[in-house]
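As structure tokens, the structure follows; a few thoughts come after it.
Chains as they are written, first to last, in the working numbering: chain U, 810 to 1364; chain P, 21 to 270.
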């Protein structure tokens, strides 16, 4: 398909749902709960992370309602602390970390590399059960009375001063961490050992590359979080003193261990999203991703640099000036591979046959918001600015631009993009475009004022604030309401489409990925025969030729 | 369905083992994937222990005198005996892997039993070491006592400590950090041993049943990797905790 043709999607009115697919291959609730099929586990994950997303979102709503007025009047200040803690724990550990990898990644990685399943299906299922156990413990901490450490469990606050359910929440995160380790381990082994004949490393879709990089972070980073949490628990239970200055311990050691995971964790969250964006941008521009190799290696570079920037969370905590200088420099280096991606996506769009389906709208949202989020990250990485801006709403706005504006947009782009593949049915296009636009507007209205608030000096994590900040806070709360509507809409219409959506057919987007060459929803073992790959990724001429030669359509 | 998809079924057609899982093309692929996964898991274990090794490095630099004094209190003969026991256990495990590959069922079972016995012996010795620490009030917490380090002259029955210079009380307090790290690191190591011994019982039973006598040896090989990893962690712990800066044994 040359760059000048106007795309005509295949006629979907003749498409039929395949009689046998992974959804109806086996019946009964146990066939889901004991399944080894990566696609079914992905759907289990999708349901459970959606559940936790809306719980975390409800807490975000409560936070915004409390901040509608300067006084702490909706809830008491310590309840407010529990709100933002629960919001943070749920959104970081139970939504963002598993969001794309455990759902879309789980569904697609084996298909994209041409395998029948992930290398260790039972471990994949175990990973979901661990996630659920972690989720239940988090809910237990919530129901029993909450926890108010902030999601960062900062010592000595978490070890000495709080009498809330720190241990329950910490155990939840410890367990959820292993779920993430197992997902990463499964992906790495699958990508190394299960690729179909001809699927070389540089023929893999960029989605797989970014998941590979994120998996490296999961496997190497998460155990360090696990040991940090174990030490906090021992400190709380036995008072062993490793983080207690009175006994010779060092509270900063906790910060080092915690951020050694939790900084790479933001790349665990964003990298899979970047993979989604690569697929979506290429498909709806009908062009190979510009600079494929550069984009692939930039994922690995982000993963690599990501391990050497953690101390930028501690610039104001008394680390040495020299190490602060080095970490500041390294932090800015991360901007380079991130910019490589953004520029390459922009060049992919150039002279492409762009169409504006919903996933593409979300992808555009991602590119703009992630760029703002990334650039403000450079502000925070520079030492002088950081001392002014850290622990203010500026930093809140910064990471919400990356995590919500970036990752959540990418997640929704991915869910819409692969919805036809996962369920066999289309989502309603105009309603979903409305949702995408609503999300974008609501998001900006929520978080742009927070940059200004933070720059003016409003600190984060307080239930009350001086009255002169109220106008911007009201704007932000209004935006959060719009944003909430933007997130409710997909839940409703995607649910609706499961039964009433138009039948999608194998390849509604005319995309080149291997997953689009099989039936939707796929068979339990994905392929009828092992595919042999003799073409590059994003080869639209190959697809055009193949479509021309195709004699039958699968009914 | 597709011109790029070619039937490759004939290539791999042969009688497969009952343990061959359907989603792997070949048994070779299954075996490689399994051992690769195990190596990755061990990598996560290195990172897990790494956090504690990092803490050890930090506090050893800060509280050098306390660490030297506390380290000299540890029981080297018991630690050395445990090192020998663990290496022996690892040796039998290695023979066990060989026996599985050679499809010698009886020998495999015996080797796994010996591995288990020596693993349990290690835990046993560890028990007596911990007991000694308990008696001396060297377990961090409310009952921790620094008496031995502020006045070592009162402990002639511990020649290594007896020869130490007394520590100032504030530095002596820091021995608690050493003992915390000692218990956390050896405790986490012992926990890995106990999990390993649990797995050994299960593997021994399966080996006795004959599961690994027909060429399917992946669980034995992968468990062997795990067991050797646990050995190696000890081979780092022993010198770091017991031996560094110990003055010549007299």
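Using N, Cα and C, we set each Cβ at its ideal position, and we do this for glycine too.
Checklist line | C-alpha gap between residue 178 of chain P and residue 99 of chain P, whole angstroms | finding: Distance between the alpha carbons of residue 178 of chain P and residue 99 of chain P: 16 Å.
Item checked: Residues, ordered as in the chain, of the region 51-76 of chain P that lie near chain U by beta-carbon distance below 9 Å -> If the cut-off is 9 Å between Cβ atoms, the region 51-76 of chain P has 52, 53, 54, 56, 57, 60, 61, 63, 64, 65, 66, 67, 68, 69, 70, 71, 72, 74, 75 near chain U.
Note to self: Using 8 Å for Cβ pairs, my map puts residue 1229 of chain U next to residue 1317 of chain U. What's the rounded Cβ distance?
What the structure shows: Indeed, because the Cβ distance is near 5 Å, the residues count as touching under 8 Å.
Item checked: Beta-bridge partners of residue 1140 of chain U, as assigned by DSSP -> Answer is none; residue 1140 of chain U lacks a bridge partner.
Note to self: At the 9 Å Cβ level, is residue 197 of chain P part of the contact set with chain U, yes or no?
What the structure shows: Closer than 9 Å: yes.
Check: For chain P, is any of its Cβ atoms less than 9 Å away from the one on residue 1001 of chain U?
Finding: Judged by the 9 Å Cβ criterion, residue 1001 of chain U is in contact with chain P.
Notebook entry, point to check: Looking at residue 981 of chain U and residue 927 of chain U, is the spacing between their C-beta atoms short of 9 Å?
Noted result: It is not a contact, given that the beta carbons lie outside the stated cut-off.
Checklist line | Where the alpha helix (DSSP H) containing residue 97 of chain P begins and where it ends | finding: Start and end: 96-121.
Check: Are the region 1037-1050 of chain U and the region 186-205 of chain P in contact at 8 Å, needing three or more beta carbon pairs?
Finding: Cβ pair count under 8 Å is three or more, so yes.
Notebook entry, point to check: Got a sec, what are the start and stop residues for the alpha helix (DSSP H) residue 1239 of chain U sits in?
Noted result: Element bounds for residue 1239 of chain U: 1238-1265.
Next item on the list: Scan the region 1128-1191 of chain U and note each continuous alpha helix (DSSP H) run of 4 residues or more that stays entirely inside, going in chain order.
Entry: Within the region 1128-1191 of chain U, the runs of alpha helix (DSSP H) at least 4 residues long that lie entirely inside it are, in chain order, 1130-1158, 1167-1190.
Notebook entry, point to check: Would you say the region 254-261 of chain P touches the region 161-173 of chain P, given that touching needs at least three Cβ pairs under 8 Å?
Noted result: The answer is no - the region 161-173 of chain P does not touch the region 254-261 of chain P, with fewer than three Cβ pairs under 8 Å.
Checklist line | At least three beta-carbon pairs within less than 8 Å, the region 1135-1154 of chain U to the region 1116-1124 of chain U | finding: The region 1135-1154 of chain U vs the region 1116-1124 of chain U: in contact.
Margin query: Which residue wins for smallest C-alpha separation from residue 143 of chain P, given the options P:54, P:244, P:61, P:211?
Written below: The closest CA to that of residue 143 of chain P, considering only P:54, P:244, P:61, P:211, is found on P:211.
Check: Is the region 1261-1279 of chain U close to the region 883-900 of chain U, with three or more CB pairs under 8 Å?
Finding: By the C-beta criterion, the region 1261-1279 of chain U is judged to be in contact with the region 883-900 of chain U, since at least 3 inter-stretch pairs fall below 8 Å.
Check: Given that a residue counts as buried once 16 or more other Cβ atoms are within 10 Å of its Cβ, and exposed if not, what is residue 32 of chain P?
Finding: Caution applies to residue 32 of chain P, whose pLDDT of 46 falls short of 50 and renders its modelled position unreliable; the value that the coordinates give is listed next. Residue 32 of chain P comes out exposed.
Note to self: Am I right that residue 914 of chain U and residue 996 of chain U are in contact with their C-beta atoms under 8 Å? What's the rounded C-beta distance?
What the structure shows: Indeed they touch by this definition, with Cβ atoms about 7 Å apart.
Notebook entry, point to check: When DSSP builds the beta bridges, which residues end up paired with residue 242 of chain P?
Noted result: For residue 242 of chain P, DSSP assigns no beta-bridge partner whatsoever.
Next item on the list: Kindly provide the ranges of any alpha helix (DSSP H) runs that are 4 or more residues long and lie completely inside the region 866-948 of chain U, ordered along the chain.
Entry: Within the region 866-948 of chain U, the complete alpha helix (DSSP H) segments of 4 residues or longer fall at 886-898, 915-921, listed in chain order.
Notebook entry, point to check: In chain P, which residues lie less than 7 Å from residue 1028 of chain U when you measure between Cβ atoms?
Noted result: Chain-ordered, the chain P residues with CB closer than 7 Å to the CB of residue 1028 of chain U read 60, 63, 64.
Check: So is residue 850 of chain U in contact with chain P if we call contact Cβ pairs under 9 Å?
Finding: Residue 850 of chain U has a beta carbon lying at 9 Å or more from every beta carbon in chain P.
Margin query: Let me confirm a value: residue 1186 of chain U is counted as buried when at least 16 other C-beta atoms fall within 10 Å, else exposed. Which label applies?
Written below: Residue 1186 of chain U should be labelled buried.
Note to self: Determine, for residue 162 of chain P, whether the minimum Cβ-Cβ distance to residues of chain U falls below 9 Å.
What the structure shows: Nearest CB-CB separation between residue 162 of chain P and chain U: below the 9 Å threshold.
Next item on the list: Would you kindly work out how many angstroms separate the C-alpha atoms of residue 1143 of chain U and residue 199 of chain P, rounded to a whole number?
Entry: Answer to the nearest angstrom: the Cα atoms are 39 Å apart.
Notebook entry, point to check: For residue 250 of chain P, which option in P:39, P:51, P:60, P:66 has the closest C-alpha, if you only look at C-alpha atoms?
Noted result: Out of P:39, P:51, P:60, P:66, P:66 has the C-alpha closest to the C-alpha of residue 250 of chain P.
Check: DSSP on residue 162 of chain P, reduced to helix/strand/coil?
Finding: Looking at residue 162 of chain P - three-state DSSP - the assignment turns out to be coil, as it is neither helix nor strand.
Next item on the list: Taking only the alpha-carbon atoms, compute the straight-line gap between residue 87 of chain P and residue 218 of chain P and give it to the nearest angstrom.
Entry: Distance between the alpha carbons of residue 87 of chain P and residue 218 of chain P is about 34 Å.
Next item on the list: Return the CA-CA distance between residue 1197 of chain U and residue 1266 of chain U, expressed in angstroms with no decimal places.
Entry: Taken atom to atom, the span from the alpha-carbon of residue 1197 of chain U to that of residue 1266 of chain U is near 8 Å.
Note to self: DSSP three-state label for residue 1031 of chain U, please.
What the structure shows: It is helical.
Checklist line | chain P residues whose Cβ lies nearer than 7 Å to that of residue 1066 of chain U | finding: Scanning chain P for C-beta atoms nearer than 7 Å to the C-beta of residue 1066 of chain U yields 71, reported in chain order.
Next item on the list: If I'm right that residue 1241 of chain U touches residue 1302 of chain U with Cβ under 8 Å, what's the distance once you round it to whole angstroms?
Entry: Right, their Cβ atoms sit about 6 Å apart.
Notebook entry, point to check: CB-CB under 8 Å to residue 101 of chain P, same chain, minus the five flanking residues each way: which ones, in chain order?
Noted result: So the list reads 145, once near-sequence residues are dropped.
Next item on the list: Return the first residue and the last residue of the alpha helix (DSSP H) that residue 1308 of chain U is part of.
Entry: Under the DSSP assignment, residue 1308 of chain U falls in the alpha helix (DSSP H) whose first and last residues are 1279-1309.
Note to self: Contact criterion: CB-CB distance below 9 Å. Does residue 1128 of chain U meet it with respect to chain P?
What the structure shows: No, residue 1128 of chain U lies away from the interface with chain P (no Cβ there is under 9 Å from its Cβ).
Next item on the list: Taking 9 Å as the cut-off, decide whether the C-beta atoms of residue 1108 of chain U and residue 1015 of chain U are in contact.
Entry: The answer is yes: Cβ separation under 9 Å.
Next item on the list: If I'm right that residue 1223 of chain U touches residue 1251 of chain U with Cβ under 8 Å, what's the distance once you round it to whole angstroms?
Entry: In fact, because the Cβ distance is near 20 Å, the residues do not count as touching under 8 Å.
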